[in-house]
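Peer 1: My numbering puts the first residue of the sequence shown at 393, with every later residue one more than the last. All residues carry an ideal CB built from backbone N, CA and C; glycine is no exception.
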Amino acid sequence: MKNKLLTLIVTFVSFSLLAQVETTYYLPDIEYDSNIPSPKEFIGHQIGEWHLSHDQLYMYMRELARVSDRVELVEYARSHENRPLVYLVITSKENHQNLAKIKANHVQLSDASNSKPLDISNMPVVTYQGYNIHGNEPSGGNAAPLYAYYLAAGQSAEVQNALNNAVVLLDPCLNPDGFHRFSTWVNMHKNKNLTSDPQDREYDEVWPRARTNHYWFDLNRDWLPVQHPESQGRIRIFHEWKPNVLTDHHEMGSNATYFFQPGIPKRTNPITPQKNQDLTAKIATYHAKALDEIGSFYYSQESFDDFYYGKGSTYPDANGCIGILFEQASSRGHLQETVNGNLSFPFTIRNQVTTSLSTLKAALEMREELLTYQRDFYTNAQEAAKDADVKGYVFGEEKDKGRLQEFLDILKQHQIKVYKLGKNVNVKGKSFNTEHSYVVPSDQQQHLLIRGIFETSTTFEDSLFYDISAWTFPLSFNIDYSELAKGDFSSSLLGQELSDGATKRNSAPMKSNYAYLLEWEEYYAPKALNAILTAGLRAKVATERFTLNSKNYDYGTVIIPIQNQNLSADNIYNLMKIIAEETGVRITGVGTGLTPTGIDLGSPNFQKISNPQVLMLVGDGVNPYDAGEVWHLLDQRYDMAISMAETRDLGSIDLARYNVIVMVDGYYNSIPASGVDNLKEWNSNGGTIVAMKRAVQWLNAKDIANVKFKNIGNSNNKEQRPYAKAGSDRGSQVIGGAIFEAKIDVTHPLFYGYKKDRLPVFRRGTLFFQPANNAYATPALYTDDPLLGGYIKKERLEQLKNSATIIVNGNGGGRVICLADNPNFRAFWFGTNKIFANAVYFGNIISGSAVER
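#1: Report the rounded CA-to-CA distance for Y423 versus Y539, giving the unit in angstroms.
#2: Taking the alpha carbon of N585 as the point to measure from, which residue in R470, E441 and G570 has its own alpha carbon closest?
#3: What residue range is occupied by the uninterrupted alpha helix (DSSP H) comprising M580?
#4: With H, G and I counted as helix, E and B as strand and the rest as coil, what does DSSP make of L409?
#5: Quick check: H631 and Q807, are their CB atoms within less than 8 Å of each other?
#6: Quick one: which unbroken beta strand (DSSP E) runs of 3-plus residues sit fully inside the segment 510-534? Chain order, please.
#7: Near I435, which residues of its chain fall below 6 Å by C-beta distance, leaving aside the five closest residues on each side in sequence?
#8: Does the separation of the CB atoms of Y873 and V782 fall below 8 Å?
#9: Going by DSSP in three states, T740 sits in which element: helix, strand or coil?
#10: DSSP state of H1024, grouped into three classes?
#11: Per DSSP, which one or two residues make a beta bridge with Y908?
#12: Could you check the C-alpha separation between N1051 and I482 for me, to the nearest Å?
#13: Would you kindly check if the distance between the Cβ of D709 and the Cβ of A777 is under 8 Å?
#14: Select from H726, M515 and S868 the residue whose C-alpha is nearest the C-alpha of E1133.
#15: In the structure shown, what three-state DSSP assignment does N1165 receive?
#16: Taking 6 Å as the limit between beta carbons, can you name the residues of its chain near A1246, skipping five residues before and five after?
#17: Check each candidate in T987, I952 and I964 and name the one with the smallest Cα separation from N941.
#18: Helix, strand or coil: which one does DSSP assign to A862?
#19: When the Cα atoms are used, what is the spatial distance from E464 to I1001?
#20: Just tell me which of F938, G983, Y965 and R1029 has its CA closest to the CA of D992.
#21: Between N966 and L1071, what straight-line distance do the alpha-carbon atoms span, to the nearest angstrom?
#22: Using the three-state DSSP reduction, which class does I970 fall into: helix, strand or coil?
#23: Taking its Cβ as the centre, do 16 or more other Cβ atoms sit within 10 Å of I494, making it buried, or is it exposed?
#24: If the criterion is Cβ atoms closer than 8 Å, does the pair N1230 and Y1144 meet it?
#25: If you run the structure through DSSP and keep just helix, strand and coil, what is H641?
#26: If you run the structure through DSSP and keep just helix, strand and coil, what is P833?
#27: Go through its chain and collect everything with a Cβ distance to K396's Cβ below 8 Å, but skip five positions before and after it.
#28: Leaving out five residues on either side along the sequence, give the residues of the same chain with a beta carbon under 7 Å from the beta carbon of V413.
#29: In whole angstroms, give me the CA-to-CA distance for K919 and G1020.
#30: Distance check for F846 and Y830, CA to CA, integer angstroms please.
#31: Give every residue of the same chain whose Cβ lies closer than 7 Å to the Cβ of V1068, excluding the five residues on either side of it in the sequence, and list them in chain order.
#32: Given this structure, state the Cα-to-Cα distance separating S406 from S723, to the nearest angstrom.
#33: Could you pull out every unbroken beta strand (DSSP E) segment of at least 3 residues lying fully inside the segment 897-948, listed in chain order?
#34: Hey, which unbroken runs of the alpha helix (DSSP H) at 4 residues or more fall wholly within the segment 605-641?
#35: Using a Cβ-Cβ cut-off of 8 Å (strictly less than) and excluding sequence neighbours within five positions of A558, which residues of its own chain qualify?
#36: So G715 and L762 are in contact, right, with Cβ under 8 Å, and what is the actual spacing, rounded?
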């Protein structure tokens, strides 16, 4: 009887929470235009009853734009899976007729030299309200159509006032691929009789889950790197409008309540003006009042932060805008038990709708204050630039135009003015020439964001960070740069301004009937080599330096002979031209193999390059971000095919199809014993394993790798500590993301293409390798003074010093490349991508005498 009663109660609760939800549960009970369909009328079910798929969400937004003169739909990008990313421009009919001027005036407000004459008394405030940048945080994306309907169809005086005095940019789904993936998962597992059991499969997505985009990237970390089409389109729209308030709707653990910013005050980026946080706090009072009215619990200023400018709620803070993060406790499906009672999907949506409305209310009532702040932000930034000790930054890269071009592209996307260097200059012992160098002056509109991109910090008020503590872009690109102090800077350094960020490309090669030489310094050299090998051509790599035709060629130069190939000399030449044009790499035709110095072109010191057949192990326990970065690098940048297989299937896979296996950071305990044996045999027979971080620990435990780890134990200090400090004490031990200097061996195959023996590397985590016993098996070590930027606790820094970043192991004819760090971090760590490419292409040519066994 008791079980029957419990079933009846759960069924009643499920029915009452979902089946009986009406639009007024979410929205104010006002009159709505009957000519404009509600989400329920258009889609066929009430919002919250099922999870919207992306196509349903998109089609409803299209319908609103079709039937309402308040709404315009703009497609601004396509996702990797070719789904449209759109935003709605919602405002009054009169404002739509004058929209170009409204936009121009709003952008002018961000121009310190032209903003003063603008009359803001009647200028609309602009909000950019975005939802679902994380695919499996669906309450925001499902709230978006309700909020859009309210603005498109609402007939109240409050709605009309909003339309007259605001332009709402409503981005319903920032991550279409992840959003669609998650809706499929939860809908396919939904019961008619809802289960709230958190152990039910509905609430436990399969790997890699749907937080990420197609390539398993967290798009909410890509606002500054802008490496994906979703982000590139979003940043372009942001700067086209220069909004006053940007909202970013998320979800967190199911047992939480609701969070809105400000975050923890002392973890705000010091570049961000205090006024930004003051306005954020003032807007927060509107959220609190609105949530109080519907009885929802919430908190603020106790977690999250505004430090990393690559997040959606923080990037606006460096651009005269107020960025606001919302975090709703997630139902992860339709109904789930929590410490706060049963959490329903409609309840989570309702909170997101409520704070969408409270954001608009705050923006309207604070309209002139927000517009004034926008103008003052850029005026104050200009004044700060004039008083700053650093007047700009000079940077350059002589050999690698591809890497330099990528850096310039990022700067231009962020509306940063870049100039060719006007004259040769030497700054702090570094020489920069006009052919390969550029200048970013500090005295420009984006002064604060420039600081956020170029500055390094190693001291902080707080030792805890919600995200990474350093991201200095010239270091991530391994590009020489220097600050220009007052005494170093002059207007004569500013040559022609780059209009589109374009650099001069390398010219196509002259035709040869003997051989072509591909220089490995260029970023896209691996892409070029892949095209060569995929065409069926033979290629070899130089393991020594040489000079030919008065030109020096370094370790890693690739030779493509003309004779004994499966293509004619004419066809090879046409292929080389196409490759050079598409990749921008340097390819040189030569007519002799006799060199005046160094090895000749027929030397045995040219090693044959095998066409990589790459398998990456994925699945439960594997870090999906790191795996996605490998997938993206090979698939998108190098145009290489890559296979992926579940770890649990390793015992039954025919590994003979592959010559490289990638194991990114993660736990590999799901690999069965048969899989371990399969991997060992394949490796011993000549296969190359490229392993990162905790994958190395697993390989060590299975006697496939031989790496010794530094003991990172805890301090022996037994001093009593306050219980309340336990969390922060643990957190201070973490290396959440900082930049360090490594000493590298440029003669080693893993560092072909590098010119200098010092390299900035990015590190997360406290797994430290001891150097190998074999003196040649540790091609990279952290220096004895390695910290370049970011936070690390003193004790951890001592452990890191002189530890190994890479160790090369050998088993039979195979190699195991053990990487202590991830060289592909978030796709913007261009400076270390080539380490990974070299491991894939050249790992098998590393001498057996130079490995740890």
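Peer 2: With the structure as the only source:
#1: In the sequence shown, residue 423 corresponds to position 31, counting from 1. In the sequence shown, residue 539 corresponds to position 147, counting from 1. The displayed chain sequence assigns Glu, not Tyr, to residue 423. Cα-Cα distance, rounded: 15 Å.
#2: For the purposes of this step, residue 585 is taken as residue 193 along the sequence shown, with counting starting at 1. Out of R470, E441 and G570, E441 has the C-alpha closest to the C-alpha of N585.
#3: Here residue 580 refers to the residue found at position 188 when the sequence shown is read from its first residue. Looking at the DSSP string, the run of the alpha helix (DSSP H) that includes M580 is P568 to M580.
#4: On the sequence shown, position 17 is the one that residue 409 refers to. Since pLDDT at L409 reaches only 49, below the 50 mark, its modelled position is unreliable, and the value read off the structure follows with that caveat. Three-state DSSP puts L409 in a helix.
#5: Taking the first residue of the sequence shown as position 1, residue 631 is located at position 239. Taking the first residue of the sequence shown as position 1, residue 807 is located at position 415. Contact annotation: H631 and Q807 have beta-carbon atoms nearer than 8 Å.
#6: Within the segment 510-534, the complete beta strand (DSSP E) segments of 3 residues or longer fall at 517-523, listed in chain order.
#7: Position 43 of the sequence shown, counting from 1, holds the residue named residue 435. Here the set comprises Q448.
#8: As a first step, residue 873 is located in the sequence shown; it is residue number 481 there, counting from the start. As a first step, residue 782 is located in the sequence shown; it is residue number 390 there, counting from the start. Taking 8 Å as the Cβ cut-off, Y873 and V782 do not qualify as a contacting pair.
#9: As a first step, residue 740 must be located in the sequence shown, where it is residue number 348. Here T740 sits in helix by DSSP.
#10: Here residue 1024 corresponds to residue number 632 of the sequence shown, with the count starting at 1. Looking at H1024 - three-state DSSP - the assignment turns out to be helix.
#11: As a first step, residue 908 must be located in the sequence shown, where it is residue number 516. In the DSSP output, where bridge partners are listed per residue, Y908 has I952 and G981.
#12: As a working mapping, residue 1051 is identified with position 659 in the sequence shown. As a working mapping, residue 482 is identified with position 90 in the sequence shown. When rounded, the separation of the alpha-carbon atoms in N1051 and I482 is 55 Å.
#13: As a first step, residue 777 is located in the sequence shown; it is residue number 385 there, counting from the start. As a first step, residue 709 is located in the sequence shown; it is residue number 317 there, counting from the start. Remark: C-beta atoms of A777 and D709 do not approach each other more closely than 8 Å.
#14: Position 741 of the sequence shown, counting from 1, holds the residue named residue 1133. Cα-wise, what sits closest to E1133 is S868.
#15: Your numbering for residue 1165 matches position 773 in the sequence shown. For N1165, the secondary structure class from DSSP, reduced to helix, strand or coil, is coil.
#16: As displayed, the chain neither begins before 393 nor continues past 1245, which places residue 1246 out of reach and without an answer.
#17: Position 549 of the sequence shown, counted from the start, is the residue given in the question as residue 941. For the residues T987, I952 and I964, the minimum Cα distance to N941 belongs to T987.
#18: On the sequence shown, position 470 is the one that residue 862 refers to. A862: coil per DSSP, three-state reduction.
#19: Mapped onto the sequence shown, residue 464 falls at position 72. Mapped onto the sequence shown, residue 1001 falls at position 609. Those two C-alpha atoms are separated by around 54 Å.
#20: By 1-based counting over the sequence shown, the position of residue 992 is 600. Relative to the Cα of D992, the nearest Cα in the group F938, G983, Y965 and R1029 belongs to F938.
#21: Residue 966 sits at position 574 when you count from the first residue of the sequence shown. Residue 1071 sits at position 679 when you count from the first residue of the sequence shown. Cα to Cα, N966 sits roughly 41 Å from L1071.
#22: In the sequence shown, the residue the question calls residue 970 occupies position 578. The answer is helix: DSSP assigns I970 an H, G or I state.
#23: For the purposes of this step, residue 494 is identified with residue 102 of the sequence shown, where counting begins at 1. Here I494 is buried: its Cβ has 16 or more other Cβ atoms, across all protein chains shown, within 10 Å.
#24: Taking the first residue of the sequence shown as 1, we reach residue 1230 at position 838. Taking the first residue of the sequence shown as 1, we reach residue 1144 at position 752. For N1230 and Y1144, yes; Cβs fall inside 8 Å.
#25: Translated into positions along the sequence shown, residue 641 becomes position 249. For H641, the three-state secondary structure derived from DSSP is strand.
#26: As a first step, residue 833 must be located in the sequence shown, where it is residue number 441. For P833, the three-state secondary structure derived from DSSP is strand.
#27: Here residue 396 refers to the residue found at position 4 of the sequence shown. Because the pLDDT of K396 is 47, which lies under 50, any placement of that residue in the model is unreliable, and the number read from its coordinates should be weighed accordingly. Once the five neighbours on either side are set aside, K396 has no close Cβ partner at all.
#28: Here residue 413 refers to the residue found at position 21 when the sequence shown is read from its first residue. Q438, G440 and P738, listed in sequence order.
#29: Locating residue 919 in the sequence shown gives position 527, counting from the first residue. Locating residue 1020 in the sequence shown gives position 628, counting from the first residue. One C-alpha to the other measures close to 18 Å.
#30: Position 438 of the sequence shown, counted from the start, is the residue given in the question as residue 830. Position 454 of the sequence shown, counted from the start, is the residue given in the question as residue 846. Going by the C-alpha atoms only, they are around 14 Å apart.
#31: Position 676 of the sequence shown, counted from the start, is the residue given in the question as residue 1068. K1094.
#32: Taking the first residue of the sequence shown as position 1, residue 406 is located at position 14. Taking the first residue of the sequence shown as position 1, residue 723 is located at position 331. Because the pLDDT of S406 is 44, which lies under 50, any placement of that residue in the model is unreliable, and the number read from its coordinates should be weighed accordingly. The straight-line gap from Cα to Cα measures roughly 13 Å.
#33: DSSP runs (the beta strand (DSSP E)) wholly in the segment 897-948: 907-910, 932-934, 938-940 and 943-945.
#34: Here the runs fully enclosed are 621-633.
#35: Here residue 558 refers to the residue found at position 166 of the sequence shown. Excluding sequence neighbours, A558 sits near T483, P516, V517, V518, T519, L752, A755, L756 and R759.
#36: For the purposes of this step, residue 715 is identified with residue 323 of the sequence shown, where counting begins at 1. For the purposes of this step, residue 762 is identified with residue 370 of the sequence shown, where counting begins at 1. The C-beta distance from G715 to L762 rounds to 13 Å, too long to meet the 8 Å contact threshold.
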